[in-house]
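Q: Heads up: the protein sequence lines correspond to chains A and B, in order. For the first sequence, our numbering gives the first residue as 88, with consecutive numbering after it. For the second sequence, our numbering gives the first residue as -6, with consecutive numbering after it.
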Amino acid sequence: MHELLASLVVVGAGPAGLAAAAKASAAGVDVVLLDAAPAPGGQIWRARHAVAAAPVARALARLAGAGVQVLTGTRVVMALPERTLLIDGPDGAFRLHWDRLILATGARERLLPFPGWTLPGVFGAGGLQALVKGGWPIRGRRVLVAGTGPLLLAVASALRREGAQLVGIAEEAGSAALARFAAALLRQPGKGWQALQLGASLRGVPLLHGHRIVAADGDGRVQRVVLEEGGSTRTVACDALAAGWGLVPRTELGQSLGCALAPRFGADALVVDGAQRTSVPGVFAVGECAGIAGAQAAQLQGEIAGQVVANELTGAAAPPARLARRLAREHAFAAAVAATFPAPAHWADRLRDDTLVCRCEDVPWSALRDHADLRSAKLATRCGMGHCQGRLCHDTLAAVMHWPRLPVRPPLTPAPLAALLAIQDPRFSIEETST
Amino acid sequence: MKVAIDGRAVDVRTGTLVAAAIELAAPGVGARLSPSGSRRQPLCGMGVCGECRVTVDGRAHTLGCQTLCTEGMEIRTDA
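1) Are the beta-carbon atoms of residue 205 of chain A and residue 31 of chain B separated by less than 9 Å?
2) Below 9 Å between beta carbons: does that hold for residue 188 of chain A and residue 97 of chain A?
3) Tell me whether residue 388 of chain A is buried or exposed, calling it buried when 16 or more other Cβ atoms sit within 10 Å of its Cβ.
4) Would you tell me roughly how many angstroms separate the C-alpha atoms of residue 65 of chain B and residue 497 of chain A, rounded to the nearest one?
5) Taking all protein chains shown into account, decide if residue 373 of chain A is buried (16 or more other Cβ within 10 angstroms of its Cβ) or exposed.
6) Residues of chain B with CB under 8 Å from residue 195 of chain A, in chain order?
7) Going along the region 1 to 20 of chain B in order, which residues come within less than 8 Å of chain A, judged by CB to CB distance?
8) Could you name the residues of chain B that residue 352 of chain A contacts, counting a contact when the two beta carbons are closer than 8 Å?
9) On the premise that residue 283 of chain A lies in contact with residue 301 of chain A, defined as a C-beta separation below 8 Å, what is that separation, rounded to the nearest angstrom?
10) Taking just the CA atoms, how far does residue 403 of chain A sit from residue 45 of chain B?
11) Alpha carbons only, please: which of A/491, A/332, A/155 and A/431 is nearest the one belonging to residue 458 of chain A?
12) Using beta carbons (cut-off 9 Å, strictly below), is residue 60 of chain B in contact with chain A?
13) Please report whether the beta-carbon of residue 247 of chain A lies at a distance below 9 Å from any beta-carbon of chain B.
14) Look up residue 56 of chain B in the DSSP assignment and give the residues it is bridged to.
15) Between residue 255 of chain A and residue 225 of chain A, how many whole angstroms is the CB-CB distance? I'm expecting something under 8 Å.
16) Below 7 Å CB to CB, which residues in the same chain sit around residue 92 of chain A once its five sequence neighbours on both sides are set aside?
17) With a cut-off of 8 Å, do at least 3 Cβ pairs link the region 441 to 453 of chain A to the region 157 to 174 of chain A?
18) Tell me, please, whether the region 34 to 43 of chain B touches the region 210 to 218 of chain A by the rule of three or more beta-carbon pairs shorter than 8 Å.
19) Quick one: which unbroken beta strand (DSSP E) runs of 3-plus residues sit fully inside the region 96 to 173 of chain A? Chain order, please.
20) So the beta strand (DSSP E) residue 201 of chain A belongs to, where does it begin and stop?
21) Residue 428 of chain A by DSSP, collapsed to three states: which one?
22) For residue 483 of chain A, collect the residues of the same chain with a Cβ closer than 8 Å to its Cβ; drop the 5 residues on either side in sequence, then sort them by chain order.
23) Return the CA-CA distance between residue 104 of chain A and residue 386 of chain A, expressed in angstroms with no decimal places.
24) So, under 8 Å CB-CB, residue 371 of chain A and residue 421 of chain A are touching, yes? Tell me the CB distance rounded to an integer number of Å.
25) Please go through the same chain and pick out, in chain order, the residues whose beta-carbon is closer than 6 Å to the beta-carbon of residue 111 of chain A, but skip the five residues on each side of it.
26) Would you mind telling me which residues of chain B sit closer than 8 Å to residue 474 of chain A, beta carbon to beta carbon, in chain order?
27) Chain B partners of residue 130 of chain A, CB-CB under 7 Å?
28) Select from A/114, A/358 and A/258 the residue whose C-alpha is nearest the C-alpha of residue 241 of chain A.
29) Establish whether the CB of residue 324 of chain A and some CB of chain B are separated by less than 9 Å.
30) How should residue 368 of chain A be labelled, buried or exposed, when 16 other C-beta atoms within 10 angstroms of its C-beta is the threshold for buried?
31) Check whether the Cβ of residue 33 of chain B lies closer than 9 Å to any Cβ atom in chain A.
32) What residues of chain B sit near residue 218 of chain A, judged by a beta carbon separation below 7 Å?
33) From the DSSP output, in three-state form, read off residue 520 of chain A for me.
34) Terminal residues of the continuous alpha helix (DSSP H) containing residue 343 of chain A?
35) Which same chain residues end up closer than 6 Å to residue 456 of chain A when comparing Cβ atoms and leaving out the 5 residues on each side of it in sequence?
36) Going by CA-CA distance only, name the one from A/488, A/330, A/292 and A/154 that's closest to residue 535 of chain A.
Structure, rendered in structure tokens:
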């Protein structure tokens, strides 16, 4: 079991984490940058067929020049006492000691259960895009994109470029909300242009606003999806359904460190101040884990945090005020997105008795709805005790039943027992903390 | 490069995820069997849901959506 020590550890190598590592290392701070994926970039800059996106290639060149250690395929198993993380990577587990920690853990899609969602061929919207970048065959396949949020359009455009046949985009937001959003979008110089390009790339694709998924259906895999609008239904034939209802900040590591959480831009996020400091000394949060605000905000936040850390450790210059001004504009836009594309309400109405809420352990809605709280549901049904550790089903139940979430418990990710045995810390008892 | 999926050799491009290789080899077959026996395919594509779990070179519960194919890799969906 080896140990690693760095003045700054950055967890997550998406736009926020790359920017933070670049800023801090340029000022002479020694940095270790981790990411669970096989290559840096995060979701939005994910490599396509192993070719890095241009901004990632540029960032990595800068990081290499500054001596940053970039560790991919590497996950944080848990936080240990005294500014230490237990890490599991391709070469086994190790302890990583930090003086400053920047969390750039990103977001996951809000994936909600509906009848038929366990059929092969049903994907998260961003999930399908990620798989396609990794070689998942999509050319010539009929794809329906559905749910809510601007990500749906970006995913649809990307899938079309890869040769998918888009049979429709079903957006739950109604036409009035979308018109207000479009007007706000066009007032933003850079974003208006992006939106027009996106619109052009989707020419000819049916955009079904105010439509929501009722069910996916098919023999062994998805073959059709039933949509509903104002009481009338229609059936769309397809080979794949890419569904998502916005993004949820990945806050588990921050929570396990004791960082405060509060709603921001439509979902619980790590609370930060203007310097991206969380409520825990030495711990910063940047990008989507501090509130869903997009890649530009993530980069700005990363730059700010990287420069604040460099300022604290080496006396380098503090971040200039123009970064905060640009960030404020991005945050105003994020608030507009959250208002236009809220997480759906009354989701229980969309569940049938036999709809599997917990996919890991196959627990249907009928077995869950009569419980008093999450703990009771979990102990009686194993809901949330499978591989995803409740990331999906507890999100759903917390929203549908208004149940408080259970505290985050280590390990944060399923890890081999050898990794847990590698803690070797007498102050830390596995018996006390494992579930 | 060549990988073996349930003992069958398959040619894949560099940068292909294990999850994608399985779909290329046998469309719709999927990765994991749920506790009640239904066949699942990856859902989240980013290492959260665990529906893509397979055995890779003897390592059970490997996430197919977070693992790139390497030459000679042995992937099992039936373990």
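From the three backbone atoms N, C-alpha and C, an ideal C-beta is built for every residue, glycine too. Quick caveat, the model's predicted, so the values are computed rather than measured.
A: So, from the data block:
1) yes
2) yes
3) buried
4) 34 Å
5) buried
6) 37, 39 and 41
7) 5, 6, 7, 8, 9, 10, 12, 13, 14, 16, 17 and 20
8) Those within 8 Å of residue 352 of chain A in chain B number zero; the least Cβ separation is about 20 Å.
9) Not quite, the Cβ-Cβ distance comes to about 32 Å (not below 8 Å), so this is no contact.
10) 45 Å
11) A/491
12) yes
13) no
14) B/46
15) The pair is not a contact, with the Cβ atoms about 16 Å apart (cut-off 8 Å).
16) 184
17) no
18) yes
19) 118 to 121, 156 to 158 and 162 to 167
20) Taken as a continuous stretch (DSSP letters only), residue 201 of chain A belongs to no beta strand (DSSP E), as it is neither H nor E.
21) coil
22) 199, 200, 434 and 444
23) 8 Å
24) Contact flag wrong, Cβ pair sits at about 19 Å.
25) 95, 118, 393, 396 and 397
26) 42, 43, 46 and 54
27) 39
28) A/258
29) no
30) exposed
31) yes
32) 10, 12, 13, 35, 38 and 58
33) Confidence at residue 520 of chain A is low in this model, with a pLDDT of 41, below 50, so its placement is unreliable and no value can be given for it.
34) 339 to 344
35) none
36) The structure shown does not extend to residue 535 of chain A, since chain A is modelled only from 88 to 522, so the question has no answer here.
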